[in-house]
Amino acid sequence: MTETYQPVLLKRVGKPNSQSLAGYQADGGYQGLRKALAMSPTEVIDIVANSDLRGRGGAGFHCGSKWRFLPKNVQGPIYLCINGDESEPGTFNNRVLIEEDPHQVLEGIVIASYATGASTAYFYLRYEYGRCYRALDAAIQEMYAHNLLGKNILGSNFSLDIYLHRGAGAYICGEETGLIESLEGKRAWPRIKPPFPAVEGAFRRPTVVNNVETLACVTHILDRGVEWFKSMGVPKDPNNPRDVGSYGPKLYCVSGHVNKPGLFELPLGITARELIDGYAGGVWKGRKAKAVVPGGISMGFLSADELDTPLDFAGPGRAGCLGLGTAAVVVIDDQTCMVDVLYNLCRFFAHESCGQCTPCREGTAWSMKILQRIREGRGKLSDLETLEQISSSIGIIPGTTICGLADGAAWPIKNALKKFRPEFESYIREGRKTSMREVVGAH
Amino acid sequence: MGTVFVDDKEVEVGPNQNLIQAAQLAGVEIPHYCWHPDLSVVASCRMCLVEVGERKPDGTESMIPKLVPACQTPAKPGTIVKTDTPKVKASQAQTLEFLLLNHPLDCSICDQAGECYLQDYTYKFGKASSRLDEPKVQRKDKYHIGDQIALFTDRCVMCTRCVRFTREISGTAELQVVSRGSVEEIDVFPDQPCNNKLAGNVVDLCPVGALCSKDFLYKKRVWWLKSQDSVCTGCSTGCSIEVDQNENRIYRLRPRPNPLAQGSFMCDEGRFGWKYVHSEDRLNSPRIGRASAIATSVAALSAVTGSSSGLGQDAMIGYNDLAYVDPWPDALSATRTMFRTAAASGRLMGIFSPMMTCEEAYLLARFLRGIDKQAVLALGPVPLIGEDDLYPKDHRGNPPERSKARFIIRNEKCPNRLGVTEVLRGFGSRLLDFSSVPELIANESISAAFVVGGYVGGWPDSVFVERLPEKLKLAVLDLLPSALTDRADVLLAGGSFAEREGTVINHAGLAQSLRTAMRPIGESRPDGRILYELNDRKGLFHARSVREEWSRELPRLAALADKPIPDQGLKLPLGEAMTGAVS
Amino acid sequence: MSALSEEIRSKIVELCSRYPSKQAVTLPALHLVQEIYNCVSDQAVEEIAGLLELTPAQVHDTLSFYGFFRDAAHPLGKKRVWICRSISCSLRGGEDVLRDVCEQLHLQPGETTDDGSLTIEFAECLGACDGAPCMLVNDELQERISVNDVLALRGSHD
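Residue numbers (our numbering), protein chains in the order written: chain H, 2 to 444; chain E, 26 to 608; chain U, 18 to 175.
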């Protein structure tokens with residue numbers, strides 16, 4: 002099936018004029034919006050809910066349910082926040098979508114706003130995505146000029162403004178309440194929940210926060226219908242009433258030690274091995290994979306013998322990883338030192354911990370320091386127990402932090418020490434293997 | 026109301042309480058740093074994590090698998106809280122290890138030692154060792170935080186109570202968090218220190234030794250301090266406080282949380298306003314004769330008493346190199362004699378300070394009316410400075426609406442105008458505007474007056490003194506020297522708030538107890554004792570026993586006579602109804 | 018003298034209409050200022066605070082969280098070069114590029130060359146892992162970079 006899959010989200014990538022409104026409309030753009038405006042907002046929500054679209058930003062929350070959490074009969078404004086703070090290492094699907102085909106995303110935003118009753122949409126875009134910013138800015142101006150934004154869109158009673166809001170370099174702004182705080186002009190310290198954003202979000206108003214790719218999916222679900230969306234992916238587990246399945250296409254980012262790094266649109270559920278060997282040209286230099294990050298570094302690692310894990314929402318979890326995350330696959334070859342890799346990851350989380358909750362603030366920095374010491378040849382075997390204990394005692398899963406960043410920091414440590422423990426032990430006992438390439442410099 | 030089960034103890038909780046408060050009711054301590062009842066909930070220190078569940082009506086229990094912050098979790102009826110499970114204990118110990126990773130462990134030189142929640146919680150909930158093998162991060166101390174505040178940066182646990190205080194209570198928002206993650210710190214914006222009038226509270230709020238009071242810094246280990254519950258006498262808000270003293274010296278005042286009075290805080294004016302207690306200028310013994318006449322003391326003495334009998338050769342009463350002579354029997358006797366003599370030639374008058382306690386006012390009224398049944402009783406100057414100062418301020422420094430104020434520093438700089446007024450009213454006195462008192466003295470042919478001061482800056486009204494008729498006999502009970510005390514024919518050296526006991530009634534009719542925190546300075550005496558003995562009473566002055574006798578004269582204060590005043594005070598049905606001038 | 022030009026001040030005020038709270042204009046205002054002045058001076062912070070009805074400490078609290086904005090003592094060079102050090106780039110030599118660039122320019126990440134032409138920064142994932150190792154020059158992406166690509170930026174003017 003995957004052999005013959007024709008991309009939808011990436012269909013227009015690389016085409017001339019892929020960014021322009023004219024080009025987008027020539028390719029059938031804004032049909033989904035027209036269909037949506039012909040329906041009631043509730044009908045649009047029902048369609049998205051029935052599609053069982055799950056959020057593409059990492060948590061995989063059921064999109065229709067998220068929209069339905071908004072209180073009924075709200076007096077006053079509702080806001081849609083677009084999470085374009087894509088910062089999970091290994092992840093670049095939103096960048097490509099926005100840079101290459103901004104209208105596809107913006108159409109989804111207008112549909113989502115119409116469905117949820119939002120009158121203003123704030124597009125929170127990480128600052129580093131300068132090309133995206135310029136593409137969006139131009140596209141939004143075109144939309145205003147063509148009655149796709151502003152008052153009475155396409156002659157309907159629906160009006161919407163979209164404002165671009167640039168971040169300033171903080172991973173935590175990808176957490177939805179961190180994003181809201183940052184949007185409000187504060188330090189991006191995630192909020193305690195409840196209240197959830199649907200009840201009290203941006204500016205203390207009911208708010209929906211959706212990821213860019215999720216909104217692009219909304220465009221196509223409206224245009225092509227629920228059945229198209231559910232024709233692919235991994236169906237619900239009939240034995241698990243809480244499972245909502247993994248339907249639809251997914252943008253898989255593949256990077257690291259592969260011959261052809263890139264972005265691949267495929268139905269949810271492709272295995273890591275198929276993705277690496279079938280699409281990304283296999284592991285480079287004729288080597289083998291030692292470890293594979295299944296969905297952004299927060300998710301942990303698959304070992305070489307877990308590569309047949311399907312990359313749907315449930316698959317990586319069965320292999321002991323945190324989840325599918327952003328479906329960003331990072332391949333690490335067998336010549337690479339896992340101590341270096343884990344140090345790199347821990348350093349990232351220490352740098353990006355917002356500093357609000359004690360366990361995350363202190364635990365991420367401490368684990369980085371321990372790994373640095375191990376790398377310098379001053380490790381002790383007991384350090385591994387300390388690291389394991391830090392990793393099991395931080396995060397929202399044990400309940401020790403407000404947001405999920407610390408879980409993301411914990412999982413790579415847990416997975417690395419479980420799946421590659423002998424390498425850590427021999428590193429501590431015998432020092433760096435000279436054959437290992439040093440991944441990480443002295444910084 | 027509903028029942029919550031804390032470690033299998035059942036407690037009844039009120040509305041809007043969290044699990045920390047519910048546990049407190051059950052006598053169970055849930056450790057916490059960031060949560061404070063008067064600040065917003067941030068649930069970030071993660072020290073208060075507990076296991077929770079629900080007891081269903083059918084008696085079954087279901088527990089949530091993960092830990093939750095007790096501060097953030099409402100105490101709903103049926104909630105089960107477990108604070109001592111292995112999971113909770115492990116989390117507490119782990120969080121403490123995290124907090125102590127880069128903590129300098131400089132308790133031996135830290136002001137907070139002895140009242141530090143890192144120390145206390147480590148002892149109760151932590152473990153004895155850290156696994157940290159890396160050098161601790163050292164950070165620079167910041168003495169620029171405020172005129173009164175220093176930050177020992179590496180002791181900070183980033184609970185952000187101080188930052189929230191300046192944003193939510195004072196509204197002045199001088200404090201900020203700088204940077205993020207493990208390198209973040211508390212600071213101010215350059216050249217904009219935290220000097221608002223409530224700033225000192227951030228030191229109390231700091232649960233560790235990070236924010237310290239410069240005034241108190243390195244002055245005294247806290248375990249040597251004795252704390253006495255009392256009331257701030259700086260304004261009519263009447264903040265409940267603790268007076269911390271050692272060897273008869275005050276070292277600091279701290280707010281004592283009291284929802285009926287001011288809440289959890291106090292202003293810096295009150296906090297640091299005790300220095301006059303130890304002023305070298307304090308009147309430290311009684312004096313008979315006007316200051317100007319002391320040189321010719323015998324003559325002066327005759328002039329006061331109308332005779333020279335009963336007094337020694339030297340009117341300067343005080344310590345004697347050779348033998349101690351208690352100066353007070355003579356001073357009190359001279360006072361009594363002066364008023365009894367004067368009553369024969371005119372009216373007596375009392376001028377009652379709003380700095381007095383109700384008991385003191387009662388005793389003085391009894392003394393004067395005991396000699397002259399129609400003695401005129403008047404309220405002395407009520408110090409009003411500017412306007413009431415309401416918080417939180419907005420970004421321009423404007424005050425909030427009164428109904429939204431979270432703290433008010435009142436412009437009435439005395440603790441007990443209401444109480445003293447009520448006592449005077451009980452004695453059937455017309456309540457006069459103080460400015461009319463000089464005319465009254467002339468018109469009503471007042472022959473002797475008893476004036477009580479006690480104002481922090483000394484007697485405030487020198488014009489009043491100038492206008493006193495030369496022949497008027499004047500007894501003054503005061504703390505600090507002034508034109509008035511110089512003019513006194515008998516000067517009685519009284520006590521500050523820290524040396525006295527009695528009742529003060531704040532702006533809203535809340536009666537609270539001033540309690541004796543230290544012995545009198547020199548030969549001065551607490552006003553209550555002076556006035557008690559002036560009435561020729563036997564035994565010792567006790568505010569409580571004075572109150573017991575006043576229910577007949579003071580029916581509106583009778584509630585105070587019936588029972589001891591609770592620590593939080595007793596709300597009387599007086600309030601603002603009494604603020605109008607009565608005549 | 019005012020730190021912010023009339024033009025910037027009016028742009029900031031104009032942005033306020035987009036949000037229900039003035040504080041929300043904090044980041045947009047800081048970006049505006051740094052784009053023009055290569056830093057955000059304390060005086061600029063005070064003036065932004067004045068426009069947004071905040072205290073300077075509130076604005077600075079937010080500013081300092083992001084590590085993106087420079088104070089007047091550390092202004093940016095003509096070009097700000099962010100070299101990615103996160104895992105996908107590191108696996109393909111990104112961290113080596115960063116180290117070698119710093120060695121050759123005799124500076125630490127965060128510092129600016131003496132001639133003021135380049136400020137070198139490390140970046141966490143720039144979202145271009147398929148083009149690793151990558152860097153951002155101001156906010157334009159360059160992929161598959163080498164040390165020479167970075168050093169060449171010194172001489173180029175645009």
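No residue lacks a Cβ here, since even glycine has one placed at the ideal position from N, Cα and C.
Everything numeric in this text was worked out from a predicted model, so none of it was measured.
In the DSSP assignment, find the unbroken beta strand (DSSP E) run with residue i in it and report its ends.
{"i": "Leu-49(U)", "result": "Run containing Leu-49(U): none in the beta strand (DSSP E); it sits in the alpha helix (DSSP H), 43-54."}
{"i": "Asn-212(H)", "result": "208-212"}
{"i": "His-352(H)", "result": "Note, His-352(H): premise wrong, no beta strand (DSSP E); alpha helix (DSSP H) at 339-353."}
{"i": "Ala-403(E)", "result": "401-404"}
Starting from the beta carbon of residue i, find every residue of chain B whose beta carbon is closer than 8 Å, and list them in chain order.
{"i": "Pro-360(H)", "result": "Absent from the structure is chain B; the protein chains it does hold are H, E and U."}
What span of residues does the alpha helix (DSSP H) with residue i cover, start to end?
{"i": "Ser-27(U)", "result": "23-32"}
{"i": "Phe-123(E)", "result": "111-125"}
{"i": "Tyr-115(H)", "result": "103-117"}
{"i": "Asp-59(U)", "result": "59-69"}
{"i": "His-567(E)", "result": "Segment: none, His-567(E) is in no alpha helix (DSSP H) and carries neither H nor E."}
Below 7 Å on C-beta distance, what does residue i contact in chain H?
{"i": "Gln-97(E)", "result": "Ile-193"}
{"i": "Tyr-83(U)", "result": "Ala-169, Gly-170, Ala-171"}
Since residue i meets chain E, which of its residues come closer than 9 Å, beta carbon to beta carbon?
{"i": "Glu-70(U)", "result": "Asp-419, His-420, Arg-421"}
{"i": "Ser-299(H)", "result": "Neighbours of Ser-299(H) on chain E: none; closest Cβ ~16 Å, over 9 Å."}
Rounded to the nearest angstrom, how far is the Cβ of residue i from that of residue j, given a contact under 8 Å?
{"i": "Gly-547(E)", "j": "Phe-566(E)", "result": "Contact flag wrong, Cβ pair sits at about 19 Å."}
{"i": "Ala-609(E)", "j": "Gly-594(E)", "result": "With chain E covering 26 to 608 only, the question about residue 609(E) has no answer from this structure."}
{"i": "Tyr-172(H)", "j": "Tyr-123(H)", "result": "That pair is no contact at about 19 Å."}
{"i": "Pro-445(E)", "j": "Pro-506(E)", "result": "Residue identity check: residue 445(E) is Val in the sequence provided, not Pro. That belief does not hold up - the Cβ atoms of Val-445(E) and Pro-506(E) are roughly 23 Å apart, past 8 Å."}
{"i": "Ala-7(E)", "j": "Leu-457(E)", "result": "Nothing can be reported for residue 7(E): it is not among the residues displayed for chain E, which extend from 26 to 608."}
{"i": "Pro-399(H)", "j": "Leu-92(E)", "result": "6 Å"}
{"i": "Asp-131(E)", "j": "Leu-223(E)", "result": "Actually they are not in contact, since the Cβ atoms of Asp-131(E) and Leu-223(E) sit about 28 Å apart, beyond 8 Å."}
{"i": "Asp-53(H)", "j": "Gly-246(H)", "result": "5 Å"}
In chain E, which residues lie with their C-beta within 7 Å of the C-beta of residue i?
{"i": "Gln-357(H)", "result": "Ser-69"}
{"i": "Gly-364(H)", "result": "Phe-123"}
{"i": "Ala-351(H)", "result": "Gly-206, Ser-207"}
If the cut is a Cβ gap below 7 Å, which residues of chain U does residue i touch?
{"i": "Phe-177(E)", "result": "Going along chain U, no residue has its Cβ under 7 Å from Phe-177(E), so there is no contact; the nearest lies around 20 Å."}
Which bits of chain H does residue i rub up against, with CB to CB less than 9 Å?
{"i": "Cys-146(U)", "result": "Pro-90, Gly-91, Thr-92, Phe-93, Cys-254, Val-255, Ser-256, Gly-257, Pro-262, Ala-329, Val-331"}
{"i": "Glu-160(U)", "result": "None at all; the shortest Cβ gap to chain H is about 10 Å."}
List, in chain order, every chain U residue whose beta-carbon is nearer than 8 Å to that of residue i.
{"i": "Gln-173(E)", "result": "Going along chain U, no residue has its Cβ under 8 Å from Gln-173(E), so there is no contact; the nearest lies around 17 Å."}
Along chain H, which residues have their Cβ under 8 Å away from the Cβ of residue i?
{"i": "Val-93(E)", "result": "Gly-400"}
{"i": "Leu-21(U)", "result": "Those do not exist, as Leu-21(U) stays about 17 Å from chain H at its closest Cβ, beyond 8 Å."}
{"i": "Met-88(E)", "result": "Simply none; closest approach about 12 Å."}
Would you mind telling me which residues of chain E sit closer than 8 Å to residue i, beta carbon to beta carbon, in chain order?
{"i": "Ile-403(H)", "result": "Ala-68, Ser-69"}
{"i": "Gln-166(U)", "result": "A small correction: the amino acid at residue 166(U) is Asp; Gln does not occupy that position in the sequence shown. Simply none; closest approach about 30 Å."}
- prompt: Which residues, taken in chain order from the stretch 310-332 of chain H, show a beta carbon closer than 9 Å to some beta carbon of chain U?
  reply: Answer in chain order: Ala-329, Val-331, Val-332.
Can you pull out the residues from the stretch 88-104 of chain U whose beta carbon lies closer than 8 Å to at least one beta carbon of chain H? Trp-99, Arg-102, Ser-103, Ile-104
Note to self: For the stretch 29-51 of chain U, list every residue whose C-beta sits within 8 Å of some C-beta in chain E, in sequence order.
What the structure shows: none
Taking 8 Å as the cut-off, does the stretch 40-52 of chain U touch the stretch 67-82 of chain U (at least 3 CB pairs, one atom from each stretch)?
yes
query: Which residues, in order along the stretch 188-209 of chain E, keep a beta-carbon less than 7 Å from a beta-carbon of chain H?
result: Val-202, Arg-205, Gly-206, Ser-207, Glu-209
Legend entry - Interface residues of the stretch 149-160 of chain E facing chain H [CB-CB below 8 Å]: Contacts with chain H (Cβ-Cβ distance below 8 Å) from the stretch 149-160 of chain E involve Arg-156, Leu-157, Asp-158, Glu-159, listed in chain order.
- Query: Does the pairing of the stretch 92-104 of chain H with the stretch 199-216 of chain H give three or more beta-carbon distances under 8 Å?
  - Reply: These segments touch.
Note down, in chain order, all residues in the stretch 118-148 of chain U with a beta-carbon under 9 Å from any beta-carbon belonging to chain E.
none
- request: Can you give me, in chain order, the residues of the stretch 215-241 of chain E that have a beta carbon less than 7 Å from any beta carbon in chain U?
  value: Pro-215, Gln-217
Practice prompt. Decide if the stretch 283-297 of chain E is in contact with the stretch 259-271 of chain E; the criterion is three or more beta carbon pairs, one per stretch, under 8 Å apart.
Written response: yes
Touching by the beta-carbon criterion (3+ pairs, under 8 Å), the stretch 161-179 of chain E and the stretch 228-236 of chain E: yes
Notebook entry, point to check: Is the stretch 175-187 of chain H in contact with the stretch 129-138 of chain H, if contact means three or more CB pairs nearer than 8 Å?
Noted result: no
Examine the Cβ distances between the stretch 85-93 of chain H and the stretch 3-18 of chain H and report whether three or more of them are shorter than 8 Å. no
Subject >> Validate contact between the stretch 196-207 of chain E and the stretch 410-418 of chain E using beta carbons, cut 8 Å, 3 pairs >> reply: yes
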